[in-house]
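Quick notes on the structure that follows.
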Amino acid sequence: MATEEQKVPGEKLVERVKELIREGNARRIIVKSEGGDTLMEIPLTMGVLGAVMLPALVALGAIAALATHYTLVIERRDERVDPKGELT
């Protein structure tokens with residue numbers, strides 16, 4: 001599993017999380033405060049649909065209003081390609 005961190009301003013937090021959900025290759029998104037405290041963990045499974053994510057996005061909007069900057073930790077599926085060019 002690959003992990004990356006992105007700094008996001010509060011006003012762009014919900015928009016960026018929606019983008020990551022649409023991309024479809026994230027397994028989990030962790031929202032951290034400027035101080036590094038985990039504020040929210042959003043698990044993204046194959047069967048998660050927009051309606052199911054709505055309460056999490058509403059809560060995320062409330063969190064975004066509390067501070068100016070956040071760190072998103074994005075855990076992505078580890079898609080490895082074998083020598084034949086196929087995903088493993």
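For the sequence shown, the numbering used here begins at 1 and goes up steadily by one. Just so you know, even glycine gets a beta-carbon here, dropped at the ideal spot from N, CA and C.
Remark: C-beta atoms of Val31 and Ile63 approach each other more closely than 8 Å. For Glu19, the secondary structure class from DSSP, reduced to helix, strand or coil, is helix.
Assignment of beta-bridge partners to Val73 by DSSP yields Glu5, Ile30.
Taking 8 Å as the cut-off, the beta carbon of Gly10 is found no closer than this to the beta carbon of Ala59. Non-local C-beta neighbours of Glu4 in its own chain, meaning closer than 8 Å and more than five positions away in sequence, comprise Val73, Ile74, Arg76, ordered along the chain.
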